[in-house]
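K.L.:
One structure coming up, written as structure tokens, with questions to follow.
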């Protein structure tokens with residue numbers, strides 16, 4: 096990190112190597128250990144800039160690139176950019192904007208695929224009554240994915256939040272929202288190391304989500320939250336099979 100009078104600049108370069116071996120063959124079977132090895136290598140870099148002194152207008156801009164490869168033929172590149180900004184008005188009111196852009200390129204043995212996901216969340220926060228804070232906004236999503244219902248393109252979801260300051264340490268909250276969650280080789284292999292090649296992927300649509308609960312600040316360094324969350328998902332994904340354990344490369 097480095098800083099100027101007006102901005103704080105940051106950057107990171109990361110490399111991650113995850114390896115393991117496929118399993119599931121009959122004990123005693125003569126197999127080649129090298130053929131069963133899976134290795135995921137992720138190289139990434141990102142840079143960020145944000146205002147150094149908090150004031151009426153605050154912002155953070157971040158951009159990055161990540162490249163993921165496996166031990167066989169699958170790979171994925173991802174460009175990402177995020178802007179998170181707020182502008183304070185009088186009487187505790189605030190305008191905010193969260194913008195996220197993802198451009199994903201996937202290469203596999205049977206296909207190449209270019210995907211995009213753009214998410215925008217403008218919102219207005221105000222306090223109509225003492226101890227009550229409301230946030231009203233929406234989530235706008237642009238993607239070239241086609242969901243199971245045949246839709247895609249542009250989608251709009253509500254984003255409404257209410258908070259009640261019950262005590263100095265306890266806040267009750269409720270949230271009504273919806274969005275599209277990114278699904279990619281990066282995210283899925285983080286959940287399932289044994290992912291097969293040439294798997295079709297579609298972002299998950301949270302058509303509606305309702306959260307509610309309380310937040311408790313038990314001290315300066317300890318916070319806890321108790322709540323419930325309900326959501327209706329479209330285009331969810333499931334894991335139903337793995338590679339051939341005797342020949343995971345498929346060759």
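In this note's numbering, the protein residues as written are 96 to 346. Beta carbons are placed, not taken as given, at the ideal position from N, Cα and C, and that holds for glycine. A quick note: this is a predicted structure, and the numbers were derived from the prediction, not measured.
1. Given this structure, state the Cα-to-Cα distance separating residue 203 from residue 165, to the nearest angstrom.
2. Beta-carbon within less than 8 Å of residue 222's beta-carbon, same chain only, minus the 5 sequence neighbours each way: which residues are those?
3. Candidates 233, 279, 146: which alpha carbon is nearest residue 100's?
4. What did DSSP end up calling residue 151 once you bin it into helix, strand or coil?
5. Would you kindly work out how many angstroms separate the C-alpha atoms of residue 249 and residue 237, rounded to a whole number?
6. Would DSSP call residue 179 helix, strand or coil?
7. At what residues does the alpha helix (DSSP H) containing residue 281 begin and finish?
8. What residue from 256, 123, 265, 180 has the CA that sits closest to residue 304's CA?
9. Give every residue of the same chain whose Cβ lies closer than 6 Å to the Cβ of residue 199, excluding the five residues on either side of it in the sequence, and list them in chain order.
10. Tell me which residue opens and which closes the beta strand (DSSP E) that residue 118 is part of.
11. Using alpha carbons as the reference points, say which of 329, 176, 261, 253 lies closest to residue 298.
12. To the nearest angstrom, how far is the alpha carbon of residue 235 from that of residue 129?
13. Under 9 Å, do residue 115 and residue 140 count as touching if we go by C-beta distance?
14. Is the region 262-277 close to the region 144-163, with three or more CB pairs under 8 Å?
15. Find out if the Cβ-Cβ distance for the pair residue 281, residue 163 is shorter than 9 Å.
16. Any chance you could list the beta strand (DSSP E) runs of at least 3 consecutive residues sitting entirely within the region 182-253, in chain order?
17. Given a cut-off of 9 Å, decide if residue 287 and residue 252 are closer than it, judged by their beta-carbon atoms.
18. For residue 131, does the three-state DSSP call read helix, strand or coil?
19. By Cβ distance, which residues of its chain are closer than 7 Å to residue 319, with the 5 residues on each side in sequence left out?
20. My output table needs one value for residue 263: the three-state DSSP class, helix, strand or coil.
21. Closest to residue 289 by C-alpha separation, out of 142, 113, 307, 195, would be which residue?
P.N.:
Well, looking at it:
1. C-alpha separation (whole angstroms): 10 Å.
2. Cβ neighbours of residue 222 beyond the five flanking positions: 186, 187, 188, 228, 229.
3. Taking only the C-alpha atoms, the option nearest residue 100 is 146.
4. In the structure shown, residue 151 sits in coil (DSSP, three-state: anything other than H, G, I, E or B).
5. Looking at the two C-alpha atoms, the distance is approximately 5 Å.
6. Of the three classes helix, strand and coil, the one that applies to residue 179 here is strand, per DSSP.
7. Annotation: the continuous alpha helix (DSSP H) that includes residue 281 extends over 280-286.
8. Measuring C-alpha to C-alpha distances from residue 304 to each of 256, 123, 265, 180 identifies 256 as the nearest.
9. Annotation for residue 199: 173, 210, 279 place their beta carbon closer than 6 Å to its own, counting only its chain and skipping 5 residues before and after.
10. Taken as a continuous stretch (DSSP letters only), residue 118 belongs to no beta strand (DSSP E), as it is neither H nor E.
11. Looking at the Cα atoms, 329 is the closest of the given residues.
12. Computed Cα separation, rounded: 46 Å.
13. No, they are not a contact pair.
14. Using a C-beta cut-off of 8 Å, the region 262-277 makes no contact with the region 144-163, since fewer than three inter-stretch Cβ pairs fall below that distance.
15. Yes, these two residues count as a Cβ contact at 9 Å.
16. Listed in chain order, they are 189-202, 207-224, 227-241.
17. For residue 252 and residue 287, no; Cβs fall outside 9 Å.
18. Residue state for residue 131 is assigned as helix, using DSSP reduced to three classes.
19. Counting only Cβ-Cβ distances below 7 Å, and skipping sequence neighbours, we find 311, 313.
20. Correct three-state label for residue 263: coil.
21. Ranked by Cα distance from residue 289, the options 142, 113, 307, 195 are led by 113.
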